[in-house]
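Under this note's numbering, residue 278 is the last one in the sequence shown; the count climbs by one each step, no gaps.
Glycine residues also receive a C-beta, built at the ideal position from the N, C-alpha and C atoms.
Here the structure is a predicted model, which means the values were calculated and not measured.
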Amino acid sequence: MAVTEGKKRSAGATAAKTVPAAKSRAEPSGRRRQLVDAEIYNVATELFSTKGYGSTSLQDIADAMGLSRPALYHYVRSKEDIIAKLVAEFAESRAHELAAVVANAELTATEKLRRVVIPTVRNVAEHPQRFRLLDRCENELPEELFKKHRAAKRAVRDAFVAVVTEGVAAGEFQPIDPSTTAFSLIGMCTWVAWWFTPSSPADIETTVRSIADLAVNTVTGAPTTASKAQASSPVEALQSIRRQVEALEIQLSNTQ
Numbered sequence: 023m024a025v026t027e028g029k030k031r032s033a034g035a036t037a038a039k040t041v042p043a044a045k046s047r048a049e050p051s052g053r054r055r056q057l058v059d060a061e062i063y064n065v066a067t068e069l070f071s072t073k074g075y076g077s078t079s080l081q082d083i084a085d086a087m088g089l090s091r092p093a094l095y096h097y098v099r100s101k102e103d104i105i106a107k108l109v110a111e112f113a114e115s116r117a118h119e120l121a122a123v124v125a126n127a128e129l130t131a132t133e134k135l136r137r138v139v140i141p142t143v144r145n146v147a148e149h150p151q152r153f154r155l156l157d158r159c160e161n162e163l164p165e166e167l168f169k170k171h172r173a174a175k176r177a178v179r180d181a182f183v184a185v186v187t188e189g190v191a192a193g194e195f196q197p198i199d200p201s202t203t204a205f206s207l208i209g210m211c212t213w214v215a216w217w218f219t220p221s222s223p224a225d226i227e228t229t230v231r232s233i234a235d236l237a238v239n240t241v242t243g244a245p246t247t248a249s250k251a252q253a254s255s256p257v258e259a260l261q262s263i264r265r266q267v268e269a270l271e272i273q274l275s276n277t278q
């Protein structure tokens, strides 16, 4: 009887010791899932960019990952799940971030402009392929995601318009058309997806700050005699921004 009880205690102790070990083994699987999820996201983004969202199947993603389709199902159920994550993380979250900046009553319009430009440029500069994908494949998105992406883009535009309108009203910015200026500034921020190729994180930050400075200078700079007469002209505002963007591109290309 004593021997039996001793065996029970021994078995119980052994079982107790194996519990932490089981937990320890479970932790790497969680980390592994995160790594695999990220890889699936990156591979799918590349395939969507090269083949088009509509022409890419879940089997294509599985093949590129070196996984069977059933194995891929363990991580993602459909390609819609992947593109939905992209829209949520890349477009909707940025729209929410900019809306919070606009609503901050403690910031001046100039400070707000910097704070909407900087994350916009950084987001595109760090993930240019994702931006290009959404830009090119928007019309291929499922209807619900199409609506969400369009809404996020409108929210970004509205944030820029609101900041420029506030700056003009406060006398911080030149008397320029808010809508045209907003579209021009957004173009300045997102065009990096096509021309900018960073060699290091420092390159990204340099470009982000340079474009933020350019954006502020564009709307706050003292107008010349000729521009004073046309300061409210949308065409003049757009041409001015284009000239400065071209100058910035030349400057950055000479430093790379």
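- Here the alpha carbon of Leu129 sits roughly 44 Å from the alpha carbon of Lys73.
- Around Lys134, the same chain offers Val123 and Val185 as residues with beta carbons nearer than 6 Å, after the five sequence neighbours per side are excluded.
- Per DSSP, Phe205 is one residue of the alpha helix (DSSP H) stretching across Pro200 to Thr212.
- The criterion of a C-beta distance shorter than 8 Å is not satisfied by Ser71 and Arg172.
- For the 8 Å CB-CB criterion, Leu108 and Thr78 do not form a contact.
- Looking only at Val143, Glu114 and Asn145, the smallest Cα-Cα distance to Arg176 is reached by Glu114.
- Glu166 counts as exposed, since fewer than 16 other beta carbons sit within 10 angstroms of its beta carbon.
- Take Ile140, set aside five residues on each side of it, and the residues of its chain with a beta-carbon closer than 8 Å to its own are Val230, Arg231 and Ala234, in chain order.
- Remark: C-beta atoms of Ala86 and Val65 approach each other more closely than 8 Å.
- CA-CA distance, Ala181 to Phe112, rounds to 16 Å.
- Gln81: member of the alpha helix (DSSP H) spanning Leu80 to Met87, first to last residue.
- Between Ala125 and Phe218, the C-beta spacing is not below 8 Å.
- A direct Cα-to-Cα measurement between Ile105 and Thr202 gives close to 30 Å.
- For Arg231, the enclosing alpha helix (DSSP H) has its first and last residue at Pro223 to Thr242.
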